[in-house]
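Novice: Residue numbers (my numbering): 33 to 186.
In structure tokens:
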């Protein structure tokens, strides 16, 4: 794959691959790119095959494109661990990059890694009820927990 851009093209300014576990047996895989021109193509795959049922959205904002590809998968359909690959291509610019992530199917961890604000916004934008609940619970419970710890320690 070549990373060559033409004078009329712009690489993406932000490119992410997110795994958002919505419950104990499903995962949303979300690939997003912002700030590209011309219009990028996103594909989601495993090393063995391209994923089926992927939904795509593309928006043009201020002369640059934002693209999202997402799919919800059942843990039972995935190997342990599973590797996801998102490829961003700008065919008119002969440009391609990719992101990879490893996913471990199974119950939601009791000590989850905190998602970034951008991850939460993106997951909410593609309709992830799990992240919305997690975001709401985190925003409400963490400040209350911090206050409780301060009271106990003082």
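Cβ atoms here follow ideal geometry from the backbone N, Cα and C, with glycine treated the same way.
Values in this document were obtained by computation on a predicted structure and should not be read as measured data.
Exposed or buried, which one is residue 137 when buried takes at least 16 other CB atoms within 10 Å?
Specialist: Residue numbering aside, residue 137 sits at position 105 when the chain shown is read from its first letter. Classification for residue 137: buried.
Novice: From residue 98 to residue 135, what does the alpha carbon distance come to, in whole angstroms?
Specialist: In the chain shown, counting from the first residue as 1, residue 98 sits at position 66. In the chain shown, counting from the first residue as 1, residue 135 sits at position 103. Straight-line Cα distance between these residues: approximately 25 Å.
Novice: State the beta-bridge partners of residue 55 as determined by DSSP.
Specialist: For the purposes of this step, residue 55 is taken as residue 23 along the chain shown, with counting starting at 1. Looking at the DSSP assignment, residue 55 forms a beta bridge with 58.
Novice: Just verifying my parser: in three-state terms, what is the DSSP assignment at residue 110?
Specialist: Within the chain shown, numbered from 1, the residue matching residue 110 stands at position 78. Residue 110 falls in the coil class under three-state DSSP.
Novice: Rounded to whole angstroms, what is the Cα-Cα separation between residue 163 and residue 70?
Specialist: Residue mapping note: residue 163 aligns to position 131 of the chain shown, counting from 1. Residue mapping note: residue 70 aligns to position 38 of the chain shown, counting from 1. Annotation note: pLDDT 38 at residue 163 (below 50); position unreliable, coordinate value reported separately. Answer to the nearest angstrom: the Cα atoms are 31 Å apart.
Novice: For residue 110, which residues from the same chain have a beta carbon less than 6 Å from its beta carbon, with the 5 sequence-adjacent residues on both sides left out?
Specialist: Indexing the chain shown from 1 puts residue 110 at position 78. Correct list, in chain order: 137.
Novice: If the criterion is Cβ atoms closer than 8 Å, does the pair residue 58 and residue 104 meet it?
Specialist: Indexing the chain shown from 1 puts residue 58 at position 26. Indexing the chain shown from 1 puts residue 104 at position 72. For residue 58 and residue 104, yes; Cβs fall inside 8 Å.
Novice: Evaluate residue 20 with the Cβ neighbour count: other Cβ atoms within 10 Å of its Cβ, from every protein chain shown; 16 or more gives buried, anything less gives exposed.
Specialist: This structure does not reach residue 20, given that the chain is present from 33 up to 186, and the question cannot be answered.
Novice: Using a Cβ-Cβ cut-off of 6 Å (strictly less than) and excluding sequence neighbours within five positions of residue 131, which residues of its own chain qualify?
Specialist: For the purposes of this step, residue 131 is taken as residue 99 along the chain shown, with counting starting at 1. Cβ neighbours of residue 131 beyond the five flanking positions: 49, 118.
Novice: Taking C-beta to C-beta, are residue 64 and residue 100 nearer than 8 Å?
Specialist: The residue given as residue 64 occupies position 32 in the chain shown. The residue given as residue 100 occupies position 68 in the chain shown. The answer is yes: Cβ separation under 8 Å.
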